[in-house]
Amino acid sequence: MKLTLFLDEDIHLLLANALRKRGFDALHAQEAMRKGKSDEEQFNFAQLEQRAIFSYNVKDFILIHNECAKRNKNHQGIILSKQRTFSETLSRLLHFLQTHSLEEVKNQIYFL
């Protein structure tokens, strides 16, 4: 099954558009009126929408992932990256989306 993504507000808004143009289901925090929400609130929204979350906030989302593991709480997956150029981020994320399924990503954390 294809991954659906929620892009945290620290990700460039145009990335969601670029992913959709390539056939992927991507929703940006700004499009969902989630600007200014905490990382935990963004994560919880992504789970309600059944979307994996993509963020540059590595430290915070590692903590959220570890807390989920501690509590045996399932999640749709967390994809993290250090900040890169737009084209590099898009390239790495496209490769990831083309090589990973929803089932593989569930309850996991990945670094691009």
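So that you can map any letter, position 34 of the sequence shown is 24 in my numbering, and since no number is skipped, the others follow by simple counting.
Glycine included, C-beta positions come from ideal geometry on N, C-alpha and C.
Predicted model, so just to flag it, every value in this text is computed and none were measured.
Annotation: the continuous beta strand (DSSP E) that includes L70 extends over 68 to 70. Comparing alpha-carbon positions, the option among E93, S45, T(-6), N97 lying closest to L70 turns out to be S45. Contact between L80 and A8 holds: CB atoms are separated by about 5 angstroms, below the 8 angstroms threshold. Counted as a single uninterrupted DSSP element, the beta strand (DSSP E) harbouring F101 occupies residues 99 to 101. Between the segment 56 to 72 and the segment 28 to 46, the count of C-beta pairs closer than 8 angstroms reaches three or more; the two stretches touch. Annotation for S45: the continuous beta strand (DSSP E) segment containing it runs 42 to 45.
In the three-state reduction of the DSSP assignment, T89 falls in the helix class, which pools H, G and I. Between R24 and E(-1), the C-beta gap is smaller than 8 angstroms, which places the two residues in contact.
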